[in-house]
Every structure is written in structure tokens, then in C-alpha cells.
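*Asks:*
There are 2 protein chains.
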Amino acid sequence: MARIVMKFGGTSVADLDRIRNVAKHVKREIDAGHQVAVVVSAMSGKTNELVNWTKEASPMHDAREYDAVVASGEQVTSGLLAITLQSMGVDARSWQGWQIPIETDNAHGAARIKSINGAALVERFEIGQVAVIAGFQGIGPDNRIATLGRGGSDTSAVAIAASVGADRCDIYTDVDGVYTTDPRIEPKAQRLAKISFEEMLEMASLGAKVLQVRSVEMGMVHGVRMFVRSSFTDPDAIDSSEGAVPEGTLICNEDEIVEQQVVTGIAYAKDEAQISLRRVSDKPGVSAAIFGPLSDANINVDMIVQNVSEDGSKTDMTFTVPNTDLDRATEVLEKSLDSIGYEILQSDPGMVKVSVIGIGMRSHAGVAATAFKCLADKGINIRAITTSEIKISILIDEEYAELAVRSLHAVYGLGAD
Amino acid sequence: MARIVMKFGGTSVADLDRIRNVAKHVKREIDAGHQVAVVVSAMSGKTNELVNWTKEASPMHDAREYDAVVASGEQVTSGLLAITLQSMGVDARSWQGWQIPIETDNAHGAARIKSINGAALVERFEIGQVAVIAGFQGIGPDNRIATLGRGGSDTSAVAIAASVGADRCDIYTDVDGVYTTDPRIEPKAQRLAKISFEEMLEMASLGAKVLQVRSVEMGMVHGVRMFVRSSFTDPDAIDSSEGAVPEGTLICNEDEIVEQQVVTGIAYAKDEAQISLRRVSDKPGVSAAIFGPLSDANINVDMIVQNVSEDGSKTDMTFTVPNTDLDRATEVLEKSLDSIGYEILQSDPGMVKVSVIGIGMRSHAGVAATAFKCLADKGINIRAITTSEIKISILIDEEYAELAVRSLHAVYGLGAD
Chain A
287 MARIVMKFGG
297 TSVADLDRIR
307 NVAKHVKREI
317 DAGHQVAVVV
327 SAMSGKTNEL
337 VNWTKEASPM
347 HDAREYDAVV
357 ASGEQVTSGL
367 LAITLQSMGV
377 DARSWQGWQI
387 PIETDNAHGA
397 ARIKSINGAA
407 LVERFEIGQV
417 AVIAGFQGIG
427 PDNRIATLGR
437 GGSDTSAVAI
447 AASVGADRCD
457 IYTDVDGVYT
467 TDPRIEPKAQ
477 RLAKISFEEM
487 LEMASLGAKV
497 LQVRSVEMGM
507 VHGVRMFVRS
517 SFTDPDAIDS
527 SEGAVPEGTL
537 ICNEDEIVEQ
547 QVVTGIAYAK
557 DEAQISLRRV
567 SDKPGVSAAI
577 FGPLSDANIN
587 VDMIVQNVSE
597 DGSKTDMTFT
607 VPNTDLDRAT
617 EVLEKSLDSI
627 GYEILQSDPG
637 MVKVSVIGIG
647 MRSHAGVAAT
657 AFKCLADKGI
667 NIRAITTSEI
677 KISILIDEEY
687 AELAVRSLHA
697 VYGLGAD
Chain B
287 MARIVMKFGG
297 TSVADLDRIR
307 NVAKHVKREI
317 DAGHQVAVVV
327 SAMSGKTNEL
337 VNWTKEASPM
347 HDAREYDAVV
357 ASGEQVTSGL
367 LAITLQSMGV
377 DARSWQGWQI
387 PIETDNAHGA
397 ARIKSINGAA
407 LVERFEIGQV
417 AVIAGFQGIG
427 PDNRIATLGR
437 GGSDTSAVAI
447 AASVGADRCD
457 IYTDVDGVYT
467 TDPRIEPKAQ
477 RLAKISFEEM
487 LEMASLGAKV
497 LQVRSVEMGM
507 VHGVRMFVRS
517 SFTDPDAIDS
527 SEGAVPEGTL
537 ICNEDEIVEQ
547 QVVTGIAYAK
557 DEAQISLRRV
567 SDKPGVSAAI
577 FGPLSDANIN
587 VDMIVQNVSE
597 DGSKTDMTFT
607 VPNTDLDRAT
617 EVLEKSLDSI
627 GYEILQSDPG
637 MVKVSVIGIG
647 MRSHAGVAAT
657 AFKCLADKGI
667 NIRAITTSEI
677 KISILIDEEY
687 AELAVRSLHA
697 VYGLGAD
């Protein structure tokens, strides 16, 4: 017997037929003797419709009212799934965030979960009842509904799994796991059986849009094992008994991964713009002078590269922003010319960031050198490089994106034969 | 300065344009210096969609889950109206039933309001904030959303008006008031400036579908003056200042109606079926033997006519049921033949009940005689008659419905010139 939280996204509950399919997945786990709580998103498209209505009502709307409107989508699917489960003979009830309660902070529209009273849910486990929980929401200190921001149902699921001490949090989605790279670019990409939280964080934030980044962070902090799997697999064809290994990718602590590969995957992020400030005065406070105003303008700066200047007086500063923010970033930087003190502002919108990720590179030398040589062999020019303990990110021209991903995937031996 | 509860139905909040129109009505009252709480229904069609989803999920569904699903419609419109009001510079916030709270009993799907904590709403009045309240719902003793049954938003509005001691509960709808009869049948029908609760109850339950019957009962019990008016009138063309008399019909205590007419209106209910049991044993308990089984089968019996029998041994019993229940009623009565003991069961599905309503008839003789003579003059045969203190109901063949309504409307002088 295991205690499992199952999370289903919007495409998995898009209509009554799919909700019935979800109910079959849940019933299978119950029939196998497990204790189950389910977290659901709104029907796909529903949240967008509700968000658009709030915008149509007023472009500058009260986030608390936005939350009241938008949270209704999950309320509907939680009730419908509970009804469907009951019709299959499975004891079930729906729970809204305010009923459990899932307490959040007051940041309406992008709230963070502060605490969850798991005791009421555990009581229901004991009597074999399935808790069907509206994802993406909780209740703020003002006694009003607070939503967690887009994709927040993943975070709800992991937080609930932590609060009830679940053995696993199954994230059912429209893909059957996490791959070594995007299979649309590299057909030889392979599904990973396991990946560490740290690696998944890099994969998620670098463009592999399987999971919300915050949910992985939360899984890591609370040690919640997450299992990414497909909701479109035939529910009857899956063995859920103790010890069976269904198709999917387990996200877990690295010590649970026996044979750790040096490189786990190749991620990429398109639509990056590069900005270079030439001959910036190399003095204390100049970074703050550049990035302070950008942050104030809510522009998300990603890679930052600063070279040591030759004579200690002038340096070049390169960084990336999303393409969509390039015009605004340029405007902000031009306004800040006096306080920063640069000579030339150059920018280029057609960039892609390719990243090599692997926890094993901490203990293996030469991983970066392999990547650089690989790209050089294909004639791909490297614009900028940033590295962390477990990843190497390389900025290149967008037109080389697919070639770079495929070449790196091959050079680290990630592909299927 | 008055304290006003404004209620808007589904057609009044059907889309963002109409919600904006509603907001203008609200702003007008605020600008005139009044304290305002608003009660909204779901967008028209939305509740049906949600109800159908619960049926599709399972025909035999848990009423608690039905409530969670269906209540979401009002949650959406309450938030959207609050946002729209804010965009017009009106301080507003949405309230769900569980936030106020509006406490109900546990009869999910058809719950009754037990108490409302009006204090929080009154606090908001003091600071000039508009409370936008999701109608049709409250919270049950099980801490779960409970809906009040179809049309329950009228009842929500009146209950809230009672809890905050409102001067008036304005019911905005798609007609501009209560008429002396259905204007589609009698173009000379006139809008009533005032009607008593008792008369409105008869009008509402007899087929004038302007208001939910329960809301009028509640208005009567708590002395909440209700004002039926149109949401489609141009909000800017209405004078809301103290003492102004906008277009609509006030439902109030009879002592507020100075010039009471003898007859206030003519109502009708189509699709009635007549059932007659001939030569029933005239003994104690026979009525129970007839109507007990019908009640057990959830068949709503309306008019009941029993004549005193000639010799004290046998009598005829006539009553009406909705056409749609006739087959079931017949079946129930045939099964109960032995316990009732009748000789012949006759039925006729093509009936209409026409009613003459007026509080003044309590103190005026001859009102009934006028109706009977009027119908006789037109050659309309009367099948059955029932009377109460303030109404006379007459069962006739359906083909004479319009003629009867128009003739009675004229004979009591209700029409415009």
C-alpha cells in the first residue's frame, strides 16, 4: 500500500470523456490498494477564457477579484471528477482550497502556499475516500481565494503530497515523461527513467515545459518524489501493484539514482535577445546601475557575462532578455546612460540558449570542453557561455538551434541506437 | 440616503457588455448617495451548462458535488462585476456565500437559508463599499457550498436585504414590472405601481414567472419591500434621488397601498390535467388514501374539489395535476383502487386554470359572481372552482384560455383605455 497524490492537467480533464478516463486512472490505484488524493486543473481553455473576461472587464483589475473568477475553473472539474468517481463506486469528495484549508500568503494572482492542514485529508485516507482537490488555489489571510499563478496545480499537488507524507506525487500530463531532449528536434531522444530534482529544475527552467519550476523546487525541499507520466495511456493497461514500474520519469533525490550519467539532457530556450554594453566603466555599483532599472521595469534578465577588463577601467557587459522585452530593455538602458556610463549599446534578437545538464559533471572534467569542440566542429559560433555546477549554457544564433541540440545530444551518447 | 439591495438575473449579466450596464445601474445608486449591496446570478445559460455536465458525469450524482460545480457560475459573475465597478471608480468587492457567511441547512441542491451574518456587510456600507454577492448559494453545516435551488438568487437577495435592514430590494429583470395580466395575451394589460405580498404570491405561483415564490414569502415574513424593474432601461435615464419614483412594481405590505383595487390581476396556468374519481366512498380517511400515494410519488396536486354527497355515502373527487404527471398519477391511482374505493377514474389533459386575484375581494361581495357571469356570457364552461380569501381559481378548457383572461381583465376594469 502506498499513499499517492495524482495530478491531472487541463488537457486531461478537458471534457466529460477525459474526466471519465482520469477517474479510471484513479480507480486503478484504489483497486490496487493505494491511498489516493487527486489534484485537478481547470478544463483546458477554461482558465484562459476566465482570464480574458477579467481583462475585458478591466485591464487593471483587482487581483483578489481575478482570483475569485479564475479559481472557479478548478472548482468545476473537482466536483465533476468526484461525481464521476462516485458513479464508478469509488468513494470521493471534492475539496476547495478554502475547505482544507490550503493557506497562502496575500500575493493574489501569484500566491505562495504557507501551510496545508493535511490532517483532514489523512482522515479521509483512513476510510478509503479519495480527496479530489481543486488545484492552483488556496485561501489568503484575508479569507479570500488566492491563486498560485499559471501552472500552479503542479505546485498544489506537490505541497499536498508533502502535507500528507505521500510516497509519490504522480504528475499526469500529455507527455509520457521527461526526455533527454525535445523529441520533436531529436527523434532519438530517450525517456529518462529517473532524473534528480536539481537536473529537473534546470530542464524545467530552460525550456522543457513539462513541469512548473516551483513545483520541482518544492519537491526538492520537501523530498517529495515526483513521477511524470501520461494521462492518455489506457488506464486498464497499467499495472499499479506494489513494485511495478509504470512508464514515466521519476524525479527524485540523486542518491536514489544508482547509475548516474555524466550528462542527463540537452535543453534549449528560444526567443532570447542578447544585449551588450560596450566600454562600461569598471567601477563598483555599475552592475546595480544596469540591472536595477531593468528589474524595476519587470524585465527578466537571464545569462549575464562580464569579462575582466584589460586595464581595469572599461569592460564589456553582455546579458540576455526575452525577445519580447528587448524594446523595453533598450529604452530603459538608454534612459540610464548617464548613471551607467557605457559607450555603445548593441543588441541582437535572434538568439537561442542551449544547455547541457547533468549532475555527474560535478565529478567529471572535460564536459564543457566536449561541448565547445562539438559546436566548433559544426561551425557554430558561441556568443556567450555561463556555467553552474550542473549545467553549461551556451548562447548561439537561433538558426543553429536544432543542429546544436542534435549534435550535443549525440556527443554525450544520449540517443537511442 | 437609502440602503438598497440590487439583484440582477442571468440575462442581465449574460456577457461583459451587460455586466458593464449593470455596473452603471449600481453606480447611479451610489452616486445618488445610497448604500448598495448587489446580488448576481450566473451568466444566462451557464447554470444549465454546469447542470448538464453533472448529469453527464452521472445521472445519480451527489448533491454536494452538484452544488460545488453549479455554484461556480455566480462566483464568476460576482468577481467580474466587482472588477467592472472598480474600473468605474466604485469601491467594490465580491463575496461568496461561505465568506459572509450565508448559512444554510444541509439540503444540498435545494437548501434553505438559516442565517446571514449581515454585520460584515453593514461595515462595508459604512465605508461606501459595494458588496457584490454571489446569489443562489450559501454554506451548509458540513462546511460545503449549498445551493438554494433554481431561481434562488431572488431568495438570496431578499434574505440579504432582511439581514442588513435594507429599505428596498430591487429585483432587476427582463420585464419592467408586474402587470395586471400577461401582456402577450392582453395588450391592454397595465403595469401595477404596487402589489401586496399576498397578491404577488398568488400571481407568482399561478404562472406570472417574474419572481421565485420563495423570495416573495421571505419578503412578506421579513417585511422586505421588493421592487421589480427592468435592467434594460438606460441606466443614465433613471432618477435615483430620494423620493423619485422609477418605473417598476413595488411589492409591499397592503397597508402601504392606499388605493387598493378590488381585483389586482388575472393569472393563468396552462398544461393542467383534471382527474375525477367518481363515486368514492364518503368516509373518513378517503382523502388521505387518494393524496397520500400521489404525494409519495412526488406528484404535485393543485386544485382539489370535493362535493358534499347527496346521501352521505358516495362522493365525486376532482383535482388537477401538471399534464406531465398525468400518466404517473393515473398509474398510482389505479394501483390504489382497493384502498380508495372509487367506481370510475376520468381524466382530461387539456385544462387551464385562470385566477382572479385581489386583496380587496375580502371586503367586496360579488367578485366571484362577476367572474362566473363573465365566463358564462362568453359561453365558457367552468369545470371546477376553488377560492381563497384573495383569489378565485377557475378550471376551463385550454382553448378558451386567452378569451377568458381577456374577458376577466376587462370585466374588472383592469385595462388601459
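Line by line, the protein sequences give chains A and B.
Note that the first sequence covers residues 287 to 703 in this note's numbering.
Note that the second sequence covers residues 287 to 703 in this note's numbering.
Each residue gets a CB set at the ideal place from its N, CA and C atoms; glycine is no exception.
1. Against H347/B, what residues of chain A qualify as contacts under a CB-to-CB distance less than 8 Å, listed in chain order?
2. Measure the alpha-carbon distance for T673/A versus V548/A and round it to whole angstroms.
3. Does R564/B come within less than 9 Å of chain A when only Cβ atoms are used?
4. How is the beta strand (DSSP E) around E389/B delimited, first residue to last?
5. Could you spell out the range, first to last residue, of the beta strand (DSSP E) harbouring I290/B?
6. Could you check whether the Cβ of N334/B sits closer than 9 Å to any Cβ belonging to chain A?
7. Please work out which residues of its chain come closer than 8 Å, Cβ to Cβ, to I425/B, disregarding the five sequence neighbours upstream and downstream, and give them in chain order.
8. Can you list, in chain order, the residues of its chain with a C-beta nearer than 7 Å to that of V572/B? Leave out the 5 residues immediately preceding and following it.
9. Which of the three DSSP states, helix, strand or coil, is assigned to A583/B?
10. List, in chain order, every chain A residue whose beta-carbon is nearer than 9 Å to that of T340/B.
11. For my contact list, I643/B and I676/B are in at a C-beta cut-off of 8 Å; report their separation, rounded to the angstrom.
12. Could you check how far apart the C-beta atoms of A393/B and T363/B are, in whole angstroms? I think they sit under 8 Å.
13. How do the region 481-498 of chain A and the region 545-560 of chain A stand: do at least 3 beta-carbon pairs fall below 8 Å, yes or no?
14. Roughly how many angstroms lie between the CA atoms of T354/A and H320/A, to the nearest whole one?
15. For N420/B versus S449/B, is the C-beta spacing smaller than 9 Å?
16. Going by DSSP, what residue range makes up the beta strand (DSSP E) through K310/A?
17. Let me confirm a value: L497/A is counted as buried when at least 16 other C-beta atoms fall within 10 Å, else exposed. Which label applies?
18. In the structure shown, what three-state DSSP assignment does L619/A receive?
19. Whether or not the region 303-321 of chain B and the region 309-323 of chain A are in contact is what I'm after, with contact meaning three or more pairs of Cβ atoms, one per stretch, closer than 8 Å; do they touch?
20. To the nearest angstrom, how far is the alpha carbon of D613/B from that of G451/A?
21. Is the separation between the beta-carbon of V291/B and that of V408/B shorter than 9 Å?
22. Along the chain, where does the alpha helix (DSSP H) containing F518/B start, and where does it finish?
23. With a threshold of 16 other CB atoms inside 10 Å of the CB of E620/B, please say whether the residue is buried or exposed.
24. Please classify G509/A as buried or exposed, where buried requires at least 16 neighbouring CB atoms within 10 angstroms.
25. Taking the alpha-carbon positions, what's the V299/B to D456/A distance?
26. For the region 502-522 of chain A against the region 644-653 of chain A, are there 3 or more C-beta pairs whose distance is under 8 Å?
27. Under the three-state reduction of DSSP, which class applies to E484/A: helix, strand or coil?
28. If you drop the 5 nearest sequence neighbours on each side, which residues of the same chain put their C-beta closer than 7 Å to that of C249/B?
29. Is there a Cβ from chain A that is less than 9 Å from the Cβ of I431/B?
30. Can you tell me whether V594/A is buried or exposed? The criterion is at least 16 other CB atoms within 10 Å of its CB, across all chains shown.
31. In angstroms with no decimal places, state the Cα-to-Cα distance between I402/B and I413/B.
32. Can you pull the DSSP bridge partners for D456/B?
33. Could you check how far apart the C-beta atoms of L681/A and E558/A are, in whole angstroms? I think they sit under 8 Å.
34. Is S330/A closer than 9 Å to G295/A when the C-beta atoms are compared?
35. Name the two residues that bound the continuous beta strand (DSSP E) containing K341/B.
36. State buried or exposed for G365/B, treating a residue as buried only when at least 16 other CB atoms are found within 10 Å of its CB.
*Replies:* If we stick to the structure as given:
1. Within 8 Å Cβ-Cβ: I369, Q372, S373.
2. One C-alpha to the other measures close to 15 Å.
3. no
4. Run containing E389/B: 388-390, per the beta strand (DSSP E) assignment.
5. The continuous beta strand (DSSP E) containing I290/B extends over residues 289-294.
6. no
7. G383, W384, P387, I388, E389, T390, I431, A432
8. V566, I626
9. coil
10. G365, L366, I369
11. 6 Å
12. Going by Cβ atoms, the distance from A393/B to T363/B rounds to 24 Å, so no, they are not a contact pair.
13. Result yes; three or more Cβ-Cβ pairs closer than 8 Å.
14. Here residue 354/A is Ala; the residue named in the question, Thr, does not match the sequence. Taking the straight line from one Cα to the other gives about 34 Å.
15. Note that residue 420/B is Ala in the sequence shown here, rather than Asn. No. Outside cutoff.
16. Where K310/A is concerned, there is no enclosing beta strand (DSSP E), although the alpha helix (DSSP H) it sits in stretches over 302-317.
17. The residue is buried, with at least 16 neighbouring Cβ atoms inside 10 Å.
18. helix
19. no
20. 57 Å
21. no
22. DSSP places F518/B outside any alpha helix (DSSP H), giving it a letter other than H or E.
23. Burial state of E620/B is exposed, judged by a 10 Å Cβ sphere holding fewer than 16 other Cβ atoms.
24. exposed
25. Going by the C-alpha atoms only, they are around 40 Å apart.
26. no
27. helix
28. Absent from the structure is residue 249/B, since the part of chain B shown begins at 287 and ends at 703.
29. Yes, because at least one Cβ of chain A sits closer than 9 Å to the Cβ of I431/B.
30. exposed
31. Cα atoms of I402/B and I413/B: separation of roughly 20 Å, rounded to the nearest angstrom.
32. In the DSSP assignment, D456/B is bridged to M292/B, F513/B.
33. So it is a contact: roughly 7 Å between Cβ atoms.
34. yes
35. Run containing K341/B: none in the beta strand (DSSP E); it sits in the alpha helix (DSSP H), 332-343.
36. buried
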